[in-house]
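Some notes on the structure that comes next.
Residue numbers (this note's numbering): 283 to 382.
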């Protein structure tokens with residue numbers, strides 16, 4: 283954090299942290315592994331159940347991670363947001379320790 287002068291203008295600067303992307307399995311929708319590593323059963327992203335995915339799901343929305351009323355792959359999921367915060371903290375601490 284600080285300031286830098288460019289062309290007689292003082293600009294505030296701060297560290298840049300790249301957007302944090304979390305693992306999101308597209309088979310079971312858990313956040314602790316990649317799809318290629320998944321050994322779980324294919325689940326519906328809408329209802330979180332195991333059923334044929336070729337037809338539209340008429341079941342109610344239910345996230346497999348938090349059991350709330352949204353798609354399992356949705357970024358608003360509290361479990362996904364918490365995971366993103368953990369990764370951000372780890373990323374910041376790594377950046378700070380390498381900068382010293």
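We put the beta carbon where it would ideally sit given N, CA and C, even for glycine.
Predicted model, so just to flag it, every value in this text is computed and none were measured.
From residue 324 to residue 335, what distance separates their C-alpha atoms?
Between the alpha carbons of residue 324 and residue 335 lies a gap of roughly 9 Å.
Using only alpha-carbon positions, find the residue among 285, 302 and 290 that is nearest to residue 368.
Among 285, 302 and 290, the Cα nearest to that of residue 368 is on 302.
For residue 284, list the residues DSSP reports as bridge partners.
Looking at the DSSP output, residue 284 bridges to 295.
State the DSSP-derived secondary structure class of residue 355, mapped to helix, strand or coil.
Residue 355 falls in the coil class under three-state DSSP.
Give me the residue from 362, 311, 315 and 290 with the minimum Cα distance to residue 330.
The shortest CA-to-CA distance from residue 330 to any of 362, 311, 315 and 290 is the one to 311.
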